[in-house]
Amino acid sequence: MNTLDVTGETGARTTSRGLPAWAAVFAASATLLVSPALAGTGALTQLAGTDGCVSDGGSSGNCVDAEALDGIQGLTVSNNGLSLYAASDLSDGVVVFLRTGSGALIQQAGTSGCVTDDGSGGACADGRALQGARDVALDKKAKHLYVAAPGDDAIAVFARDKTGTILQLAGTDGCVSDDGTGGECAIGVALDGARSVTVGPKGKFVHATSLHDDAVTVFARDKKTGVLTQLPGTDGCVSEDGTGGLCVNGRALDFPTDVAVSPKGDSLYVAAVGSSAVSIFARDKKTGILSQLVGTAGCISEDGTGGNCTDGRGLAGAFGVTVSKDGKFVYVAARDGNAVAAFARDKSTGALSQLAGTDGCISEDGSGGECADGTNLTGALSVVLSRDGKNAYVASNVSDAVAIFSRDKKTGVLAQFAGTEACISDDGSGGACADGTALVEASSVIVTRNGKSVYVASPTSDAISAFDRD
Numbered sequence: 177m178n179t180l181d182v183t184g185e186t187g188a189r190t191t192s193r194g195l196p197a198w199a200a201v202f203a204a205s206a207t208l209l210v211s212p213a214l215a216g217t218g219a220l221t222q223l224a225g226t227d228g229c230v231s232d233g234g235s236s237g238n239c240v241d242a243e244a245l246d247g248i249q250g251l252t253v254s255n256n257g258l259s260l261y262a263a264s265d266l267s268d269g270v271v272v273f274l275r276t277g278s279g280a281l282i283q284q285a286g287t288s289g290c291v292t293d294d295g296s297g298g299a300c301a302d303g304r305a306l307q308g309a310r311d312v313a314l315d316k317k318a319k320h321l322y323v324a325a326p327g328d329d330a331i332a333v334f335a336r337d338k339t340g341t342i343l344q345l346a347g348t349d350g351c352v353s354d355d356g357t358g359g360e361c362a363i364g365v366a367l368d369g370a371r372s373v374t375v376g377p378k379g380k381f382v383h384a385t386s387l388h389d390d391a392v393t394v395f396a397r398d399k400k401t402g403v404l405t406q407l408p409g410t411d412g413c414v415s416e417d418g419t420g421g422l423c424v425n426g427r428a429l430d431f432p433t434d435v436a437v438s439p440k441g442d443s444l445y446v447a448a449v450g451s452s453a454v455s456i457f458a459r460d461k462k463t464g465i466l467s468q469l470v471g472t473a474g475c476i477s478e479d480g481t482g483g484n485c486t487d488g489r490g491l492a493g494a495f496g497v498t499v500s501k502d503g504k505f506v507y508v509a510a511r512d513g514n515a516v517a518a519f520a521r522d523k524s525t526g527a528l529s530q531l532a533g534t535d536g537c538i539s540e541d542g543s544g545g546e547c548a549d550g551t552n553l554t555g556a557l558s559v560v561l562s563r564d565g566k567n568a569y570v571a572s573n574v575s576d577a578v579a580i581f582s583r584d585k586k587t588g589v590l591a592q593f594a595g596t597e598a599c600i601s602d603d604g605s606g607g608a609c610a611d612g613t614a615l616v617e618a619s620s621v622i623v624t625r626n627g628k629s630v631y632v633a634s635p636t637s638d639a640i641s642a643f644d645r646d
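Quick note, the sequence shown lines up with residues 177 to 646 if you use the numbering used here.
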């Protein structure tokens, strides 16, 4: 079993609070949904007072107190903007919030506010196959939620209703794991250390990465029930070594930490921290089957991986990956390179080519002139783009910060904001950033569909911080 350190992600806790009238909350959020994309700069401002964060324990009164946020990790928001879900590594579960009109978070009341592996002493609903939960994903219609839980080597499956409440599917429909979890789950292949999960754009397939099997997996999804069925035989996974013949043999998949699918569903990209690479796959939209591009087109790595991959820059410890909404560009957050790398995407083949010169990456120290010089990018784990394509945001684990960039939609080039607008960190980083709250070891960042709010998960703060986006 691989033992590479992939820390820089954890979970958190929250205590249930009484909710305002449902209608009022929904109406306020719905108003946000119809707002046109703003023509602002994309700068971030943390919400005032305790609206600016929710945390396990309330962070000495600085945040709203919440349940099951211990070691908070991955985040997702429903397309209608009403609900936010978070995976909690140390709470072994998933947490459920409503979003108010201002973007503040309110945990669902009682046991509807969280589902954990042991029910957290009655504070949460009791679930299964949720140990070490790291990532969450919703289908486009937000009917089902999927949770990657490396502690159980599993993907857990939940139905979601119109109020945002989730309920784990009954029996073995409720999870797929590497060994069936004592009969509680369906048995899958290449799920040892399941780390990330995503739903394809049409909702027909779900993909996950597994840290210890060095693999990316493929599941067919029943769009009505949400049930997952792994594709048969070697169609069900691609791994670094073929997993004893159970998977197709792939390249540059050592400790894969994130996965992203192109908007049209014809390509899939995997960030692998152990390979310091992004791997590139063609994806059959009808069957979900993955085929790594041939030769060096199949991966780009920091050192070319002995000639197996294209040689890239700013990719050491590649950790997070995202694709632009127009499908023209791909971005990778690199933990050990303290960088974000930028690639042009061939829309016909899915192949990537790094942008030329210093346009191809921004790093904490400029990487000896190979990248543009940035700030507060140390331990970059997650990168996300606003839906309008004007901005990129990076969660930096060691910098305890979220870094803020403008983006040229035509060229894909990123430029970090100037002065303290370049970042928000837990302590202001000696004046380099704006001063924020509850951002220690920031691990993931998301932007709402309407572009008005940004959320950052910080596992050591056991918190989710909320920001208004200009």
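Glycine included, C-beta positions come from ideal geometry on N, C-alpha and C.
Since the structure is predicted, the reported quantities are computational estimates derived from the model, not experimental observations.
Excluding the 5 residues flanking residue i on each side, which residues of the same chain have their C-beta closer than 6 Å to its C-beta?
| i | result |
| --- | --- |
| Asp611 | Gly604 |
| Ala436 | Tyr445, Val497, Thr498 and Val499 |
| Ala375 | Note on residue identity: the sequence assigns Val, not Ala, to residue 375. So the qualifying residues of the chain are Ala313, Asp315 and Val382. |
| Thr636 | Val616 and Glu617 |
| Lys399 | Gly379 |
| Ala197 | Unreliable positioning characterises Ala197 in this predicted model, as indicated by a pLDDT of 36, which lies under 50. The coordinate reading is nonetheless provided below. Contacts found: none. |
| Thr287 | Cys300 and Ala301 |
Would you mind sorting residue i into buried or exposed? The rule is 16 or more other CB atoms within 10 Å of its CB.
| i | result |
| --- | --- |
| Thr554 | buried |
| Thr498 | buried |
| Val470 | exposed |
| Lys566 | buried |
| Val630 | buried |
| Thr486 | buried |
| Pro683 | Past the edges of the chain, shown from 177 to 646, lies residue 683, and the structure says nothing about it. |
| Gly588 | buried |
| Thr401 | exposed |
| Ser524 | exposed |
| Ala447 | buried |
| Thr551 | buried |
| Gly536 | buried |
| Asp584 | exposed |
| Lys586 | exposed |
| Ala370 | buried |
| Gly526 | buried |
| Ala515 | buried |
| Gly412 | buried |
| Ala633 | buried |
| Asn626 | buried |
| Gly421 | exposed |
Measuring CA to CA, which of the options is closest to residue i?
| i | options | result |
| --- | --- | --- |
| Val414 | Ala396, Lys440, Ser372 and Ile465 | Ile465 |
| Gly513 | Glu546, Val506, Val253 and Arg521 | Glu546 |
| Ala614 | Gln592, Asp576, Asp644 and Thr393 | Asp576 |
| Ile580 | Gly418, Arg304, Glu597 and Asp265 | Glu597 |
| Ala299 | Ala285, Gln307, Ala305 and Gly358 | Ala285 |
| Asp293 | Ala262, Leu274 and Ala325 | Ala325 |
| Val623 | Ala428, Ala571, Cys609 and Glu360 | Ala571 |
| Lys338 | Tyr322, Gln406 and Gly257 | Gly257 |
| Arg397 | Thr463, Leu306, Glu416 and Ile456 | Thr463 |
| Phe495 | Ala517, Lys504, Gly503 and Asp479 | Ala517 |
| Asp390 | Cys423, Gln283 and Lys399 | Cys423 |
| Asp328 | Ala346, Asp355 and Thr348 | Asp355 |
Compute the distance between the beta-carbons of residue i and residue j, then report whether it is under 8 Å.
| i | j | result |
| --- | --- | --- |
| Cys290 | Val272 | yes |
| Lys319 | Pro377 | no |
| Ala242 | Gly269 | no |
| Pro432 | Thr385 | yes |
| Asp434 | Arg459 | no |
| Thr472 | Ala453 | no |
| Leu281 | Val365 | no |
| Ser259 | Gly340 | yes |
| Ser264 | Gly247 | yes |
| Ser619 | Ser558 | yes |
| Asp602 | Asp232 | no |
| Arg511 | Gly493 | yes |
| Ser529 | Gly490 | no |
| Gly474 | Ser455 | yes |
| Ile640 | Leu251 | yes |
Near residue i, which residues of its chain fall below 7 Å by C-beta distance, leaving aside the five closest residues on each side in sequence?
| i | result |
| --- | --- |
| Gly279 | Leu223, Lys628, Ser629, Ala642 and Asp644 |
| Gly303 | Gly269, Val291, Thr292, Asp293, Ala332 and Gln344 |
| Arg336 | Ala318, Lys319, His320, Leu321 and Ile342 |
| Gly664 | Outside the displayed range of the chain (177 to 646) lies residue 664, so it cannot be described from this structure. |
Among residues of its own chain, excluding the 5 on either side of residue i, which ones have a beta-carbon nearer than 8 Å to its beta-carbon?
| i | result |
| --- | --- |
| Lys501 | Pro439, Leu561, Arg563 and Gly565 |
| Lys504 | Ala520, Arg521, Lys523 and Gly588 |
| Gly607 | Thr596 |
3 or more residues per run - each beta strand (DSSP E) lying fully within the stretch 353-380: 370-375
Which runs of the beta strand (DSSP E) spanning at least 3 residues fall entirely within the stretch 434-516, listed in chain order? 443-448, 453-459, 466-468, 475-477, 494-499 and 505-510
Segments of 3+ residues assigned as beta strand (DSSP E) that fall wholly inside the stretch 563-617: 567-572, 577-583, 590-592 and 599-601
Where are the beta strand (DSSP E) runs, 3 residues long or more, that stay fully inside the stretch 227-264, in chain order? 229-232, 240-246, 248-253 and 259-264
Taking only runs that begin and end inside the stretch 513-561, name each unbroken alpha helix (DSSP H) of 4 or more residues, in chain order. none
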